[in-house]
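Residues in the sequence shown are numbered from 600 upward in steps of one, following our numbering. No residue lacks a Cβ here, since even glycine has one placed at the ideal position from N, Cα and C. Just so you know, these numbers come straight off a predicted model, no measurement behind them.
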Amino acid sequence: VLNRDIDAAAADVQAAIARTQRSLPPEMTSPPSYRKVNPADAPILLMSLVSGTVPLTDLDAFAENVISPSLSTIDGVAQVSIFGQQKYAVRIQIDPSALAARGISIDQLQAAIASANSNTPLGVLQNNKQQLTITANTQLTSAAGFSNLIIATKNGHPVRLGEVTRVVDSVQTTTTASWYDGTRAIIMAVQRQPDANTVDVVDKVKAMLPSFQDQMPAAAQIKLLNDRSTSIRQAVDDVQFTLLLTIALVVMVIFVFLRRVTATIIPAVAVPISLIATLGAMFLFGFSIDNISLMGLTLAVGLVVDDAIVMLENIFRHMEEDGLSAFDASLKGAREIGFTIISISISLVAVFIPVLLMGGVIGRIFNEFAVVVTVAILASMFVSLTLTPMLCSRLLSVTKADREAHSAGRHDIVTRAYDWLLSFCLRHTFLIFLVFITTAAASVWVIQVSPKGFFPQEDIGQISVTTMARQDISFDAMAKLQGQVASVFSKSPYVDHVA
């Protein structure tokens, strides 16, 4: 189903609605409707236009006529939506008594307003070759203009619209509003195209904001509400820190045990090359650097280290114990441990094969994760079987003093500790078995009591709250209650802004 074309699926839904139209309850006021939804359509940037003195109608006009068209021209921007719109409109409130006193009906009033405010051609200019239509924008645009509009003539005296109605400057819709920290505001949402890079699009939008701010009145400001690129940047920074920390720890451990700068260089080179190969495969598969792929890379860091360390340690052991040259030790060590590395890598890849074949929404989400980890494991295997032995043959060296020290056992502290621990376990088999059973039972209990979820909780620095009231509540009453809810959050010292 996930591979189904969304347009074809929408056509099937529309046909199904049409077939069941007659079976629907007659009291339904409107037929069923549907719309296509893409999770990638969520806004990548939310911003507000707020001012304590500039009218909302002016802010709305600036957002619709200046900001929205300019942002729509950015490569990667799919749509710019405006919420809490306050489009200017003139409202005419009729006085029935005044109309009746002058003998004017509502239909006559409506016809007079429509006729006087119509936008029709004023004339025609023509010659024997062409004809030009003369047009001019003579429509009324303010309440003052409408008030002076003559709608009828009674007893030789003109009747103006302001005499029989109350004409006020207002907005088209009075039942929608947005607030920013308790102040009425205009909210704008920027959506990206499906294949666009979120960070790149957000950077381009932010680059244009200073020019918009310069064009606005000094009392008006553009405030950023939500920036999805922030969490993406933080995730990338976390992975980069994890990669660098892992490589640094590997280098430190190798240096502590082998005490060779050249030996530490080998895994320090092999690990980044494996990860770079994984990034190249991600590019070929069309994967982007998102939370799923970053999670796969983070897990792969610990996997790509193992193969290089195993190969390096085996080659170094032959040089130190058997007295082989770096070249001969690399050949012998690679032959001995090569099949083992292949077996380990294939077994790790086999773990992720079910994830690759998994269907449904979960399979679609974790397919990218499984591919990234699998490619990283295979790349690490290839590097360990080729690059690591070559680097060992060129960089490793063992002196006579090192061999004598190894023979004397001065460097076998870890080995002696392991021998003692192994002997203890073999002498106390019942105790070790009891510890194993206890650990297994404790693990099962921890799994059962641990909180579970589809995705781990993530702190993005934002909380979304939905409020509901009774169905017959008025807009003004709902707005008042909404303001009370917002004031509760605003009082918290941990809240920066409420919108």
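Are there 16 or more other CB atoms within 10 angstroms of the CB of residue i, so buried, or fewer, so exposed?
i: N747; result: exposed
i: N754; result: exposed
i: N664; result: exposed
i: D659; result: buried
i: T863; result: buried
i: I891; result: buried
i: P1050; result: exposed
i: L1033; result: exposed
Could you say which of the options lies nearest to residue i if we only look at CA atoms?
i: D802; options: R783, L823 and K686; result: L823
i: Q685; options: T732, G702, T752 and T772; result: T772
i: K931; options: A688, I945 and F915; result: F915
i: F708; options: S741, V767, Q692 and G722; result: Here residue 708 turns out to be Leu, not Phe, going by the sequence shown. The candidate whose alpha carbon is nearest that of L708 is Q692.
i: A700; options: I733, V763, P720 and G675; result: V763
i: T611; options: Y633, M627, G958 and P625; result: Reading the sequence as shown, one finds Asp at residue 611 and not Thr. When only C-alpha atoms are compared, the closest one is Y633.
i: G683; options: M646, S669, I712 and G702; result: M646
i: A713; options: P695, I750 and L731; result: I750
i: F938; options: F981, R832 and S924; result: F981
i: A867; options: M881, L911 and H1096; result: L911
i: G885; options: T985, E967, F951 and M957; result: E967
i: L977; options: R1026, R963 and I943; result: I943
If you reduce the DSSP assignment to three classes, tell me which class residue i lands in.
i: D1071; result: coil
i: L898; result: helix
i: G975; result: Just to set this straight, residue 975 is Ala in the shown sequence, not Gly. Helix.
i: V649; result: strand
i: R1009; result: Confidence in R1009 is poor, its pLDDT being 49 and thus under 50, which makes the residue's placement too unreliable to answer from.
i: K931; result: helix
i: K1079; result: helix
i: D826; result: strand
i: L739; result: coil
i: L1025; result: helix
i: L644; result: strand
i: Q620; result: helix
i: Y1093; result: coil
i: I865; result: helix
i: Q839; result: helix
i: V855; result: helix
i: F968; result: helix
i: F1032; result: helix
i: Y633; result: coil
i: A615; result: helix
i: T1037; result: helix
i: T939; result: helix
i: D604; result: coil
i: S944; result: helix
i: I626; result: It is worth fixing the name first, because residue 626 is Glu in this sequence and not Ile. Coil, per DSSP.
i: V1087; result: helix
Under 8 Å by Cβ, that's how I've got residue i and residue j pegged, so tell me the actual separation to the nearest angstrom.
i: V767; j: R690; result: 5 Å
i: A677; j: R791; result: 6 Å
i: V653; j: A819; result: 5 Å
i: S769; j: A688; result: 6 Å
i: I945; j: S983; result: Actually they do not touch by this definition, with Cβ atoms about 13 Å apart.
i: K800; j: R832; result: It should be pointed out that residue 800 corresponds to Val in this sequence rather than to Lys. Not confirmed; about 13 Å, so no contact.
Counting only beta-carbon atoms, is residue i nearer than 8 Å to chain C?
i: K805; result: The structure shown contains no chain C; it holds only a single protein chain.
Inside the stretch 656 to 734 only - beta strand (DSSP E) runs reaching at least 3 residues: 676 to 682, 687 to 693, 722 to 725 and 730 to 733
Secondary structure, beta strand (DSSP E): runs of 3+ residues fully inside the stretch 745 to 820: 749 to 753, 756 to 759, 764 to 770 and 782 to 791
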